[in-house]
Amino acid sequence: MTAEWSIQELAKVARTTSRTLRHYGDLGLLPPTRIGSNGYRYYDQESLVRLQRILLLRELGLGLPAIAEVLAGQKDTAAALRTHLELLKNEQDRIARQIASVQTTLRKTEAGEQLMADEVFDGFDHTQYKDEVIERWGKDAWQSGDNWWKSKTDAEKKAFQQAHLDIAADYGRAHAAGLPVDSDEVQAIVQRHYDWLGATPTGGPISAQYFNNLGEMYVADPRFAKNYDVHGAGTAEYVRDAIRAYTAAKL
């Protein structure tokens, strides 16, 4: 008998939700192998491999429309997996460079040594989120942001990135010190964060909803949470709560 998994079982082993799997099915990305008399969706081994490919591509920053194109264009499962393996190795190399970069920054900061910009930003690439930005906010939002970024000099880009690294580190120190999120010291960090975001092409003043949603994303999306939690577990939640306090008081 061919092994199969119910939608609940597949969601559990894949560490996702039934709702997500149904959404993938509705988009044609992951159709169920069969639908039982009870109305439940069931998936076979090929579905497991297909879901693995979807999740891998999501982690690599591709949006669902782009993933659909990839899946449609790669019928050879083994060849597709080899491609994904190569992509993962490239991502592994990029993350290794980021880790080495942060380690170098930490070591030099603690030793009071001069930082080199190329060392600080090795492995960072804003284009990895292109498809996701287009999927969430449209092509104009991506193009506007990309044009804004490309218009900057290398020095300006590095200064902008360094400003956020400093903000994240200050959040981490405040969290480690146990400062209340609504304290003057922490709210001053949030103000810098707000001003830093305001320097980007957001199409107008940053609203309370926008800022709060961003704080929620810092917690919900591991890719963004790690930018804060590298300074101590729970820092992303601390940032979210500090943002909430700021918007409640000032926006």
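When the count follows my numbering, it moves up by one through the sequence shown with no breaks and lands on 592 for the last residue.
No residue lacks a Cβ here, since even glycine has one placed at the ideal position from N, Cα and C.
These numbers were taken from a predicted model, which means no experiment stands behind them.
Where residue i falls, given that 16 or more other Cβ within 10 Å makes a residue buried
{"i": "residue 576", "result": "buried"}
{"i": "residue 556", "result": "buried"}
{"i": "residue 406", "result": "exposed"}
{"i": "residue 492", "result": "exposed"}
{"i": "residue 541", "result": "exposed"}
{"i": "residue 440", "result": "exposed"}
{"i": "residue 426", "result": "exposed"}
{"i": "residue 354", "result": "exposed"}
{"i": "residue 489", "result": "exposed"}
{"i": "residue 566", "result": "buried"}
{"i": "residue 456", "result": "Any reading at residue 456 must be qualified, since the residue scores a pLDDT of 49, below 50, and its modelled position is unreliable; the value itself is stated next. Per the 10 Å Cβ criterion, exposed."}
{"i": "residue 532", "result": "exposed"}
{"i": "residue 572", "result": "buried"}
{"i": "residue 365", "result": "buried"}
{"i": "residue 368", "result": "exposed"}
{"i": "residue 394", "result": "buried"}
{"i": "residue 436", "result": "exposed"}
{"i": "residue 528", "result": "buried"}
{"i": "residue 391", "result": "buried"}
{"i": "residue 403", "result": "buried"}
{"i": "residue 397", "result": "buried"}
DSSP state of residue i mapped onto helix, strand, coil
{"i": "residue 383", "result": "strand"}
{"i": "residue 423", "result": "helix"}
{"i": "residue 594", "result": "Nothing in the structure corresponds to residue 594, since the chain is present only between 342 and 592."}
{"i": "residue 375", "result": "strand"}
{"i": "residue 504", "result": "helix"}
{"i": "residue 391", "result": "helix"}
{"i": "residue 585", "result": "helix"}
{"i": "residue 510", "result": "helix"}
{"i": "residue 592", "result": "coil"}
{"i": "residue 429", "result": "helix"}
{"i": "residue 370", "result": "coil"}
{"i": "residue 448", "result": "helix"}
{"i": "residue 355", "result": "coil"}
{"i": "residue 498", "result": "helix"}
{"i": "residue 491", "result": "helix"}
7 angstroms CB neighbourhood of residue i in its chain, flanking five on each side removed
{"i": "residue 349", "result": "359"}
{"i": "residue 534", "result": "508"}
{"i": "residue 377", "result": "383"}
{"i": "residue 388", "result": "371, 374"}
{"i": "residue 386", "result": "344"}
{"i": "residue 553", "result": "584, 585, 588"}
Residue i - partner residues in DSSP beta bridges
{"i": "residue 537", "result": "Per DSSP, none; premise fails for residue 537."}
{"i": "residue 346", "result": "384"}
Endpoints, the alpha helix (DSSP H) within which residue i is located
{"i": "residue 573", "result": "Careful: residue 573 lies outside any alpha helix (DSSP H) and carries neither H nor E."}
{"i": "residue 405", "result": "405–414"}
{"i": "residue 522", "result": "From DSSP, residue 522 is part of no alpha helix (DSSP H); its letter is neither H nor E."}
{"i": "residue 634", "result": "The requested residue 634 does not occur in the structure, where the chain is confined to residues 342 to 592."}
{"i": "residue 555", "result": "549–561"}
Residues of its chain near residue i, where Cβ-Cβ distance is below 8 angstroms and the 5 sequence neighbours each way are ignored
{"i": "residue 530", "result": "508, 511, 512, 515, 583"}
{"i": "residue 361", "result": "352"}
{"i": "residue 559", "result": "565, 566, 568, 569, 577, 580, 581"}
{"i": "residue 539", "result": "546, 547"}
Close-in-space but distant-in-sequence residues of the same chain around residue i (CB under 6 angstroms, 5 per side omitted)
{"i": "residue 586", "result": "522, 523"}
{"i": "residue 549", "result": "588, 592"}
{"i": "residue 459", "result": "In this predicted model, residue 459 has a pLDDT of only 47, less than 50, meaning its place in the structure is not dependable; the value taken from the coordinates is given anyway. Taken in chain order, the list of residues that qualify is empty."}
Distance cut-off 8 angstroms: residue i Cβ against heavy atoms of the ligand MN
{"i": "residue 376", "result": "The ligand MN is not part of the structure shown, which contains no ligands of any sort."}
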